[in-house]
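S.K.: Chains as they are written, first to last, in the working numbering: chain Z, 1 to 358; chain D, 1 to 358.
Even glycine gets a Cβ: it sits at the ideal position worked out from N, Cα and C.
One structure, pasted below without further comment.
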């Protein structure tokens with residue numbers, strides 16, 4: 001029987017969503033003219049039960065781990081880059097640090113399974129399950145027990161921060177080889193073929209190796225993959241992916257919006273939605289990644305990304321870049337004048353729905 | 001003979017662009033993985049001649065005017081809404097005010113031709129050419145002399161702010177009826193048909209009236225439209241559109257990036273590019289508007305918008321929403337560690353171009 005996770009995810013607050021939608025219609029603009037910002041303001045009201053949810057306490061959870069499959073020529077980078085980039089995060093020199101400083105986001109770096117002894121650091125949470133997964137081309141990446149442990153670690157990260165006043169969670173990742181593991185997770189949960197999920201990476205030879213690795217992983221782990229989402233995650237996933245599943249589930253359980261980064265976070269979101277479908281209501285897709293399989297993930301989750309900037313970096317960079325749009329959505333809903341307040345002639349109600357006020 | 005405008009727009013700085021591109025390749029990320037942020041950092045270097053152009057002093061120029069054609073049922077709003085919304089801008093209650101506060105942008109509101117006696121206000125520049133254009137369905141909206149005067153007013157607005165340290169200009173508009181005038185300007189400069197430029201607005205009857213108005217305007221003003229871009233602007237444009245042409249041209253002349261808002265600003269950008277093609281190098285398209293003809297305008301200008309959020313409000317809202325991306329582009333280029341600084345293993349140079357570091 002498939003493993004499950006005991007978690008309660010509250011339904012979205014319909015009343016708050018209706019109030020937000022009604023207020024959008026009274027603001028001094030043609031109804032609908034702020035497009036996706038209006039939708040976002042309504043979604044955020046549904047998640048939080050408030051028309052003015054606070055967004056000040058914002059954290060990107062950048063989870064790192066190594067992958068056995070990285071030794072099989074699927075990445076342009078040597079495996080030690082995972083640890084080197086974690087040190088770069090702690091020194092504040094990576095893209096995620098720069099963008100997080102700009103957007104006033106705290107970066108929580110967590111080691112879920114880096115194959116290196118990382119130094120103690122106030123900004124590093126050590127939650128190492130093991131020093132890297134086994135190669136998914138030979139058997140399961142990890143045991144089901146280890147997958148559960150990594151998910152629990154991700155949940156604990158969020159639980160600790162919720163206790164400290166977390167308003168909005170963002171997901172991020174670092175792990176050489178983790179696009180291959182993510183592609184395998186996506187194939188496992190969607191029955192898509194590896195050729196529709198794995199795009200060009202290193203060169204044509206690298207692409208072939210990566211597709212072949214995913215295909216082999218699916219064959220070798222077929223029985224475990226078919227058992228359920230947690231088993232599939234254990235079979236072909238990674239420790240940071242499992243940790244992100246926990247981050248997403250716990251954010252939803254705490255009624256906190258969770259901004260999903262790109263391809264790797266998308267794979268984790270797919271697992272989270274398979275475990276607890278109600279989690280999808282708390283997800284905000286930040287951007288459309290350049291990775292081939294990302295579109296299919298978003299369609300499966302019913303999410304439309306806010307940004308489309310040809311990003312393919314990970315770390316949480318896309319999620320952080322989307323934050324000003326969340327803030328804009330909440331601010332316009334709450335701070336704009338209504339037609340009444342501003343003494344602006346109300347437009348014809350019938351016409352308003354498809355009008356521009358120009 | 002067609003009217004022309006004397007203006008010198010400097011070429012983009014190739015050396016700075018090459019330096020920016022080279023630095024992008026040394027930062028701790030796979031080359032190209034920050035996608036459009038990388039392109040943007042290179043464009044901004046070309047415009048300003050600096051890898052770290054300042055962006056702190058940012059102004060949205062929201063230009064307002066009335067339109068004779070608004071009396072012909074092309075808008076869902078009565079014409080007095082233009083003046084009411086200008087007052088709303090001055091009171092800080094409109095969407096542009098809320099977003100500008102969030103993004104630390106100053107809103108300069110200018111009356112280029114509102115059909116109302118607006119009160120004096122420290123944030124309002126009075127540059128009224130006349131109280132609204134004549135209807136473009138009966139003849140020219142304004143004289144060529146008036147068009148030049150409105151363009152000059154827009155240029156002066158920017159010149160004054162450049163003297164005070166303006167770093168980046170944003171365009172915005174307010175004017176009941178101005179999507180009809182903008183559609184006509186676009187038809188005039190692209191030879192597109194009104195059915196491909198004018199989309200559904202009020203209702204099917206309103207749509208027909210709007211298309212018919214544009215078609216009539218093109219027929220009635222055919223000779224003037226064919227003379228040149230300034231004449232076409234005078235024939236079927238509006239005072240705020242003409243003012244925005246000046247804002248765009250002068251920003252380019254001062255080597256300041258100019259963030260173009262949506263459909264109305266796009267029409268102005270098209271006129272500016274027809275007058276001085278080099279101005280295009282200084283334009284940044286903020287978003288893809290819901291207005292039908294906007295895509296054609298962007299293609300004609302060779303611009304790819306940064307955002308796609310189903311906006312159709314104007315005022316400069318889309319331009320302001322894109323600002324954090326400009327800031328992110330400049331910050332990542334300048335603040336990220338290089339591979340050398342971070343001691344991160346350099347990836348295979350050949351492979352790097354198409355790789356993800358995951």
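By the 8 Å beta-carbon criterion, what residues does the stretch 305-334 of chain D contribute toward chain Z?
M.R.: 306, 307, 308, 309, 310, 311, 312, 313, 314, 317, 321, 324, 325, 327, 328, 331, 332
S.K.: In the DSSP assignment, find the beta strand (DSSP E) that holds residue 284 (chain Z) and state where it starts and stops.
M.R.: For the purposes of this step, residue 284 (chain Z) is taken as the residue at position 284 of the first chain. Its beta strand (DSSP E) spans residues 283-285.
S.K.: At a Cβ cut of 8 Å, what residues of the stretch 75-89 of chain D count as close to chain Z, listed as they run along the chain?
M.R.: 75, 76, 77, 78, 80, 81, 84, 85, 87, 88
S.K.: Once you ignore the five residues that flank residue 153 (chain D) on each side, which residues in its own chain have a CB closer than 7 Å to its CB?
M.R.: For the purposes of this step, residue 153 (chain D) is taken as the residue at position 153 of the second chain. So the list reads 112, 127, 243, 246, once near-sequence residues are dropped.
S.K.: I want to verify the contact list: residues of chain D whose CB lies under 7 Å from the CB of residue 132 (chain Z), in sequence order.
M.R.: Here residue 132 (chain Z) refers to the residue found at position 132 when the first chain is read from its first residue. Neighbours of residue 132 (chain Z) on chain D: none; closest Cβ ~14 Å, over 7 Å.
S.K.: Hey, does residue 171 (chain D) have any beta-carbon neighbour from chain Z nearer than 9 Å?
M.R.: As a working mapping, residue 171 (chain D) is identified with position 171 in the second chain. No, its Cβ sits nowhere closer than 9 Å to a Cβ of chain Z.
S.K.: Looking at the secondary structure, which residues open and close the beta strand (DSSP E) in which residue 172 (chain Z) lies?
M.R.: Walking along the first chain from the start, residue 172 (chain Z) turns up at place 172. 168-174 is the extent of the beta strand (DSSP E) around residue 172 (chain Z).
S.K.: Roughly how many angstroms lie between the CA atoms of residue 349 (chain Z) and residue 36 (chain Z), to the nearest whole one?
M.R.: By one-based count along the first chain, residue 349 (chain Z) stands at place 349. By one-based count along the first chain, residue 36 (chain Z) stands at place 36. Low confidence applies to residue 349 (chain Z): its pLDDT is 42, below 50, so where it sits in the model is not reliable enough to give any reading.
S.K.: Would a check of beta-carbon distances place residue 26 (chain Z) closer than 9 Å to chain D?
M.R.: Reading the first chain from its first residue, position 26 is the one you call residue 26 (chain Z). Not closer than 9 Å to any Cβ of chain D, the Cβ of residue 26 (chain Z) fails to qualify, so no.
S.K.: Can you round the beta-carbon distance between residue 81 (chain Z) and residue 118 (chain Z) to whole angstroms, since I take them to be within the 8 Å contact cut?
M.R.: Taking the first residue of the first chain as position 1, residue 81 (chain Z) is located at position 81. Taking the first residue of the first chain as position 1, residue 118 (chain Z) is located at position 118. About 14 Å separates the beta carbon of residue 81 (chain Z) from that of residue 118 (chain Z), a gap too long to meet the 8 Å contact definition.
S.K.: How do the stretch 305-315 of chain Z and the stretch 248-268 of chain Z stand: do at least 3 beta-carbon pairs fall below 8 Å, yes or no?
M.R.: Three or more beta-carbon pairs separated by less than 8 Å link the stretch 305-315 of chain Z to the stretch 248-268 of chain Z, which places the two stretches in contact.
S.K.: Are residue 332 (chain D) and residue 41 (chain D) closer than 9 Å when you measure CB to CB?
M.R.: By one-based count along the second chain, residue 332 (chain D) stands at place 332. By one-based count along the second chain, residue 41 (chain D) stands at place 41. A contact, by the Cβ cut-off of 9 Å.
S.K.: Looking at the structure shown, is residue 244 (chain D) part of a helix, part of a strand, or coil, going by DSSP?
M.R.: Reading the second chain from its first residue, position 244 is the one you call residue 244 (chain D). Here residue 244 (chain D) sits in helix by DSSP.
S.K.: Suppose the cutoff is 7 Å on Cβ atoms and the five residues either side in sequence are ignored; what does the same chain contact list for residue 21 (chain Z) look like?
M.R.: Sequence index remark: in the first chain, residue 21 (chain Z) carries index 21 (1-based). Around residue 21 (chain Z): 42.
S.K.: Evaluate contact between the stretch 246-261 of chain Z and the stretch 279-291 of chain Z, counting only Cβ atoms and requiring at least three cross-stretch pairs below 8 Å.
M.R.: yes
S.K.: Note the first and the last residue of the continuous beta strand (DSSP E) segment covering residue 42 (chain Z).
M.R.: Numbered from 1 along the first chain, position 42 holds the residue referred to as residue 42 (chain Z). Counting along the chain, residue 42 (chain Z) falls outside any beta strand (DSSP E), though it belongs to the alpha helix (DSSP H) covering 35-48.
S.K.: In the DSSP output, what is residue 63 (chain Z) paired with across the bridge?
M.R.: By one-based count along the first chain, residue 63 (chain Z) stands at place 63. Answer is Z:110, Z:173, bridged to residue 63 (chain Z).
S.K.: Among D:67, D:233, D:310, D:123, which one has its Cα closest to the Cα of residue 174 (chain D)?
M.R.: By 1-based counting over the second chain, the position of residue 174 (chain D) is 174. Among D:67, D:233, D:310, D:123, the Cα nearest to that of residue 174 (chain D) is on D:67.
S.K.: Taking the runs of the alpha helix (DSSP H) that are 4 residues or longer, which of them lie wholly in the stretch 257-331 of chain Z?
M.R.: 263-275, 294-301
S.K.: Write down every uninterrupted run of the alpha helix (DSSP H) in the stretch 127-198 of chain Z whose length is 4 residues or greater and which is fully enclosed by it, in chain order.
M.R.: 144-163, 178-190
S.K.: Can you tell me whether residue 255 (chain Z) is helix, strand or coil according to DSSP?
M.R.: Working through the first chain from its first residue, we reach residue 255 (chain Z) at position 255. Coil.
S.K.: Quick check: the Cα distance between residue 324 (chain Z) and residue 139 (chain Z), rounded to an integer number of angstroms?
M.R.: Residue mapping note: residue 324 (chain Z) aligns to position 324 of the first chain, counting from 1. Residue mapping note: residue 139 (chain Z) aligns to position 139 of the first chain, counting from 1. Spanning the two alpha carbons is a distance of roughly 43 Å.
S.K.: What residues in the stretch 281-292 of chain D have a beta carbon less than 8 Å from any beta carbon of chain Z?
M.R.: Per Cβ criterion, the list reads 290, 291.
S.K.: Contact between the stretch 128-147 of chain Z and the stretch 88-100 of chain Z: three or more CB pairs below 8 Å?
M.R.: no
S.K.: Taking 9 Å as the CB-CB limit, is residue 195 (chain D) close to chain Z?
M.R.: What you label residue 195 (chain D) is simply residue 195 of the second chain in a count that begins at 1. Closer than 9 Å: no.
S.K.: Who are the near neighbours of residue 45 (chain D) in its chain, counting only those whose CB is closer than 6 Å to its CB and skipping five residues on each side?
M.R.: In the second chain, counting from the first residue as 1, residue 45 (chain D) sits at position 45. Excluding positions up to five away in sequence, the list reads 16, 17, 20, 51.
S.K.: Does residue 212 (chain Z) get closer than 9 Å to chain D when you measure Cβ to Cβ?
M.R.: The residue given as residue 212 (chain Z) occupies position 212 in the first chain. Not an interface residue.
S.K.: Taking the C-alpha atoms as reference points, what is the distance between residue 353 (chain D) and residue 23 (chain D)?
M.R.: For the purposes of this step, residue 353 (chain D) is identified with residue 353 of the second chain, where counting begins at 1. For the purposes of this step, residue 23 (chain D) is identified with residue 23 of the second chain, where counting begins at 1. With a pLDDT of 43 at residue 353 (chain D), under the threshold of 50, the modelled position of this residue cannot be trusted, and the question is left open.
S.K.: Got a sec, what are the start and stop residues for the alpha helix (DSSP H) residue 97 (chain Z) sits in?
M.R.: Counted from its first residue, the first chain places residue 97 (chain Z) at position 97. Residue 97 (chain Z) -> alpha helix (DSSP H) spans 95-103.
S.K.: At 9 Å on the CB atoms, spell out the chain Z contacts of residue 342 (chain D), in chain order.
M.R.: The sequence position of residue 342 (chain D) within the second chain is 342, counting from 1. Those are 84, 85, 87, 88, 91, 93, 94, listed as they occur along chain Z.
S.K.: Going by DSSP, which residues form a beta bridge with residue 125 (chain Z)?
M.R.: Reading the first chain from its first residue, position 125 is the one you call residue 125 (chain Z). Answer is Z:110, bridged to residue 125 (chain Z).
S.K.: What residue does the alpha helix (DSSP H) around residue 230 (chain D) start on, and which one ends it?
M.R.: As a position in the second chain, residue 230 (chain D) is number 230, starting the count at 1. Note, residue 230 (chain D): alpha helix (DSSP H), 229-236.
S.K.: Report yes or no: is there a C-beta of chain D within less than 9 Å of the C-beta of residue 251 (chain Z)?
M.R.: Numbered from 1 along the first chain, position 251 holds the residue referred to as residue 251 (chain Z). With respect to chain D, the C-beta atom of residue 251 (chain Z) has no partner C-beta closer than 9 Å.
S.K.: Under three-state DSSP, which class holds residue 118 (chain Z)?
M.R.: Within the first chain, the letter at position 118 stands for residue 118 (chain Z). Three-state result, residue 118 (chain Z): coil.
S.K.: Report the neighbours of residue 98 (chain D) on chain Z: residues whose CB is nearer than 7 Å to its CB, in chain order.
M.R.: As a first step, residue 98 (chain D) must be located in the second chain, where it is residue number 98. Those are 331, 332, 335, 336, listed as they occur along chain Z.
S.K.: List the residues of chain D that residue 36 (chain Z) touches, going by C-beta distances under 7 Å, in chain order.
M.R.: By 1-based counting over the first chain, the position of residue 36 (chain Z) is 36. 309, 310, listed in chain order.
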